[in-house]
Amino acid sequence: MYTKYDIDLKLEPSNHFLACKAKMTYCYKGENEKELHFYIHRNLEIEEITCDKKFRYEVGKDTAKLYLWQMSTMKMK
Numbered sequence: 081m082y083t084k085y086d087i088d089l090k091l092e093p094s095n096h097f098l099a100c101k102a103k104m105t106y107c108y109k110g111e112n113e114k115e116l117h118f119y120i121h122r123n124l125e126i127e128e129i130t131c132d133k134k135f136r137y138e139v140g141k142d143t144a145k146l147y148l149w150q151m152s153t154m155k156m157k
């Protein structure tokens, strides 16, 4: 199993603007995984999610409740 991130980040502090194009490569050679869950900050706006396979994506309002910082996240699966 491995995960690789390729991130292109644009930051404009004077305009309070942040744009990011991120590519996540996830490889798992174990049992057939049906879902992959991860959390992002709830105020981030997702414009597009693409994949080379036919998967369904869902951005939810669920939050992780393990640590205080996770209260400001939203669940993606």
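According to the numbering used here, numbering within the sequence shown proceeds without interruption in unit steps and concludes at 157. C-beta: ideal position from N, C-alpha, C; glycine also.
- Query: If you drop the 5 nearest sequence neighbours on each side, which residues of the same chain put their C-beta closer than 8 Å to that of Ser94?
  - Reply: No residues qualify anywhere along the chain.
- Message: Run through the DSSP bridge pairs and tell me what Ile87 is partnered with.
- Response: Its beta-bridge partners are Ala102.
- Residues near Thr83 by beta carbon distance below 6 Å, same chain, minus five either side: Closer than 6 Å at the Cβ level, and outside the excluded window around Thr83, lie Tyr106.
- Counterpart residues of Phe117 in DSSP-defined beta bridges: One detail in the question is off: residue 117 reads as His in this sequence, not Phe. His117 pairs with nothing; no bridge assigned.
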